[in-house]
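Take a look at the structure below.
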Amino acid sequence: MNREEIFNGLAKSPKVDVCVLGGGINGLSVFRELALQGVNVLLVEKHDYCSGASAALSRMVHGGLRYLENGEFSLVRESLVERDRLLKNAPHYVAPLPTTVPIFDIFSGLANGAVRFLGLTRRPSRRGAIAVKLGLGIYDFLTRRRALLPRHAFRGRRATLARWPALNPQIKSSATYYDAWVSQPERLGIELLKDGLAAGTHARTVNYAELTLSAPGRYELKDGVTGAVAPIEPSLIINATGGWIDIANGALFPATSKPAPLMGGTKGSHLIIDNPKLMDALDGHMIYYENEDGRICILFPYLGKVLVGSTDIRVDDPSTVRCERDERDYILQSLAFVLPSIRIEPEEVVFQFAGVRPLPASQDSFTGRIPRDHFCTFVGGAEDGAPVLCMIGGKWTTFRSFGELAADLALERLGRQRRVSTGERAIGGGRHFPSDRDAWIHDVALATGLCQARIDVLLTRYGTDSTLVANFIAGGADHALPHPDYSIREMQFLIHNEAVEHLDDLLLRRTTLAISGQLSLDMTDAVLALLATEKHWPPVQVAAERKRFLTLLAERHGVDEEALSARNEQRSALCETTARSG
0 MNREEIFNGL AKSPKVDVCV LGGGINGLSV FRELALQGVN VLLVEKHDYC SGASAALSRM
60 VHGGLRYLEN GEFSLVRESL VERDRLLKNA PHYVAPLPTT VPIFDIFSGL ANGAVRFLGL
120 TRRPSRRGAI AVKLGLGIYD FLTRRRALLP RHAFRGRRAT LARWPALNPQ IKSSATYYDA
180 WVSQPERLGI ELLKDGLAAG THARTVNYAE LTLSAPGRYE LKDGVTGAVA PIEPSLIINA
240 TGGWIDIANG ALFPATSKPA PLMGGTKGSH LIIDNPKLMD ALDGHMIYYE NEDGRICILF
300 PYLGKVLVGS TDIRVDDPST VRCERDERDY ILQSLAFVLP SIRIEPEEVV FQFAGVRPLP
360 ASQDSFTGRI PRDHFCTFVG GAEDGAPVLC MIGGKWTTFR SFGELAADLA LERLGRQRRV
420 STGERAIGGG RHFPSDRDAW IHDVALATGL CQARIDVLLT RYGTDSTLVA NFIAGGADHA
480 LPHPDYSIRE MQFLIHNEAV EHLDDLLLRR TTLAISGQLS LDMTDAVLAL LATEKHWPPV
540 QVAAERKRFL TLLAERHGVD EEALSARNEQ RSALCETTAR SG
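The numbers in numbering that gives the first Met the number 0 rise by one with no breaks, and the one at position 94 of the sequence shown is 93.
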């Protein structure tokens with residue numbers, strides 16, 4: 000992951016078998032697949048890994064219950080298989096999520112659902128108890144052989160309100176089934192990257208770099224950090240840039256031979272809310288509900304807060320997406336519908352995010368009807384340069400199978416054979432995950448000299464890879480940062496080993512400080528000072544980086560400097576209270 004070595008290597012030997020464009024979850028997946036097959040592969044990401052749509056998902060790992068209504072049975076079947084694989088292969092990040100559906104009618108949605116299934120209407124409608132029962136029955140049938148999670152169950156109105164008294168009292172019944180959730184999707188992406196790099200020196204990745212057309216059929220790689228430029232001669236390019244596929248294709252082909260548009264993404268926005276009453280009302284479940292307009296919404300406990308979403312709005316430029324005020328109002332209005340007794344104050348929205356779903360081009364007037372499945376298509380080749388394999392569509396849950404599909408097509412084009420399967424292969428810190436957590440923590444604490452409480456936190460953050468972090472921490476003098484759950488040595492480990500180039504890489508993606516609403520101004524400045532020391536930045540660059548990050552946080556995530564400063568005071572008050580009680 001040394002930038003200088005990568006560019007020097009390309010200058011000496013520019014030929015690569017495959018150049019993967021896009022370091023989101025799908026790009027990282029196909030990179031890992033190809034690296035494990037021994038392919039000479041280079042992944043290029045224009046910004047940071049998992050900084051686009053792969054950082055803006057709903058944090059659900061699910062089969063796609065509502066896709067049954069569109070007749071996408073194969074997608075639901077595939078998604079459920081991949082969900083169950085993630086529960087086994089990434090148990091440090093993916094866990095079961097009990098999900099409850101409030102039901103307000105009995106028969107509604109049947110007729111409309113039938114004609115929607117036949118493609119005769121695009122109009123959404125409320126789903127009644129019978130329609131929900133049918134969908135959950137199919138869900139159970141598709142997972143009957145693996146049976147990793149409990150089957151669905153129904154409750155009447157009285158039992159539902161006894162368990163969730165804050166729900167809208169107009170409900171008729173409820174249904175509970177199980178899907179899963181992912182705690183740190185960006186970190187799982189980093190683990191895919193590390194798994195690929197571990198395959199050997201034939202696998203390389205670089206972030207903050209861009210592949211451009213230097214002449215017809217010729218390419219060069221530009222480093223956005225150092226300014227270095229190197230020639231590159233790929234036999235095949237895989238365009239895994241998601242919502243940016245058409246934009247990336249435009250940069251790879253002469254103006255006279257640009258491919259037709261392939262993408263038609265929609266924006267999904269989410270809020271992170273810190274409201275204890277709301278958290279208690281969920282009782283550990285996700286509430287999967289319909290707003291009054293028939294659109295599906297979700298809310299569930301996430302890292303000590305509550306995640307609520309989402310919207311589904313067409314977008315043309317994925318680089319400008321953010322959660323707008325009207326989307327925020329819509330999400331809060333939907334929340335008020337399903338839990339009418341709970342009021343959310345503006346300051347309780349501690350984070351917001353938006354991303355573009357990489358959907359195929361479609362003229363459908365209802366975004367919910369656009370297929371969520373994935374496929375690959377080749378464009379270009381011959382006099383246009385290397386052929387480009389475009390990864391179209393897809394959802395986060397199916398990243399492994401999508402990467403497998405693209406890799407197999409690439410191997411076929413290269414005349415190579417697959418030699419490693421990833422279906423049952425653990426990811427990163429999911430390897431050798433302990434069945435006896437307490438015993439594992441005790442042993443690692445004994446070996447490293449760190450306290451068991453610290454090892455417990457590290458295991459949650461990094462899975463069994465936490466032994467690497469713990470050994471690094473134990474290897475030198477360490478001090479707590481303003482957020483006491485993090486220390487200088489832990490941050491240094493991330494900077495040294497995870498291609499960190501900017502402050503947001505650390506605070507938005509390598510850690511969950513920002514999205515969990517725990518980031519304060521003191522913590523921001525402390526981590527910036529640490530990063531600047533490691534990178535040898537002059538004062539003017541430090542000031543520019545601080546301004547850049549605070550602007551990004553305010554404009555994209557609704558957290559301004561005043562809010563960060565207020566958290567300084569909140570943390571100080573909490574520390575004083577803890578000290579007095581201790």
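Glycine residues also receive a C-beta, built at the ideal position from the N, C-alpha and C atoms. All of these numbers come straight from a predicted model, not from anything done at the bench.
Which one or two residues does DSSP pair with residue i in a beta bridge?
| i | result |
| --- | --- |
| D178 | L96 |
| E209 | K221 |
| H373 | G392 |
| M285 | T98 |
| P359 | M262 |
| C18 | L41, I236 |
| S173 | P101, R154 |
| P230 | E219 |
| F140 | Its beta-bridge partners do not exist; DSSP assigns none. |
| G354 | G267 |
| R203 | L41 |
| A444 | DSSP output for A444 lists no bridge partner at all. |
| A214 | R217 |
Return yes when the Cβ of residue j is within less than 9 Å of the Cβ of residue i, no when it is not.
| i | j | result |
| --- | --- | --- |
| V539 | L527 | no |
| R453 | A438 | no |
| P230 | P13 | yes |
| G63 | R371 | yes |
| R156 | S172 | yes |
| L563 | L520 | yes |
| L334 | L281 | no |
| V75 | N39 | no |
| L20 | I237 | yes |
| L306 | S57 | yes |
| E544 | N88 | no |
| G264 | G242 | yes |
| L9 | L192 | no |
| F377 | M390 | no |
| Y92 | G308 | no |
| V419 | L35 | yes |
| I286 | L338 | yes |
| N248 | E347 | no |
| I341 | S515 | no |
| L148 | P95 | yes |
Any idea if residue i is buried or exposed, counting beta-carbon neighbours within 10 angstroms, 16 or more meaning buried?
| i | result |
| --- | --- |
| A110 | The predicted position of A110 is uncertain, since its pLDDT is 45 and thus under 50; a value taken from the coordinates is nonetheless stated next. It counts as exposed. |
| P164 | exposed |
| P483 | exposed |
| N1 | exposed |
| E561 | exposed |
| R436 | exposed |
| G448 | exposed |
| L445 | exposed |
| E568 | exposed |
| C582 | Since the first and last residues shown for the chain are 0 and 581, residue 582 lies out of range. |
| K11 | exposed |
| G427 | buried |
| G393 | buried |
| H46 | buried |
| F6 | buried |
| K546 | exposed |
| P481 | buried |
| L117 | The pLDDT assigned to L117 is 48, lower than 50, so where the model puts this residue is not dependable, and the model offers no usable value. |
| T159 | buried |
| F398 | buried |
| R84 | buried |
| Q169 | exposed |
| H61 | buried |
| E411 | exposed |
| G462 | buried |
| E3 | exposed |
| E382 | exposed |
Consider the Cβ of residue i: report whether some Cβ of chain C lies at a distance smaller than 9 Å.
| i | result |
| --- | --- |
| D104 | The structure shown contains no chain C, having only a single protein chain. |
Exercise for the section: Report yes or no: do three or more beta-carbon pairs, one from the region 538-555 and one from the region 491-504, lie closer than 8 Å? Expected result: Taking a cut-off of 8 Å on C-beta distances, the region 538-555 touches the region 491-504, as three or more cross pairs fall below it.
Problem - Cβ contact check for the region 18-32 and the region 287-297: 3 or more pairs under 8 Å - result: Segments in contact, no.
Problem - Sequence ranges, alpha helix (DSSP H) only - wholly within the region 23-75, length at least 4 - result: You should have 24-35.
Problem - Any beta strand (DSSP E) of 3 or more consecutive residues that is wholly inside the region 248-305 - result: Within the region 248-305, the beta strand (DSSP E) runs of at least 3 residues that lie entirely inside it are, in chain order, 265-272, 285-289, 295-301.
Handout entry: Stretch pair the region 147-156 + the region 174-189: three plus CB contacts closer than 8 Å
Key = Touching, yes.
Exercise for the section: Decide yes or no for the touch test of the region 250-262 against the region 326-344: beta carbon pairs closer than 8 Å, at least 3 of them. Expected result: At 8 Å Cβ cutoff, the stretches do not touch.
Handout entry: Complete alpha helix (DSSP H) runs within the region 476-523 (minimum length 4 residues, chain order)
Key = Within the region 476-523, the complete alpha helix (DSSP H) runs of at least 4 residues fall at 487-496.
Practice task
Just list the beta strand (DSSP E) runs in the region 299-347, keeping only unbroken ones of 3 residues or longer that don't cross its boundaries, in chain order.
Solution key: Those beta strand (DSSP E) runs which fall completely within the region 299-347 and span 3+ residues are 304-308.
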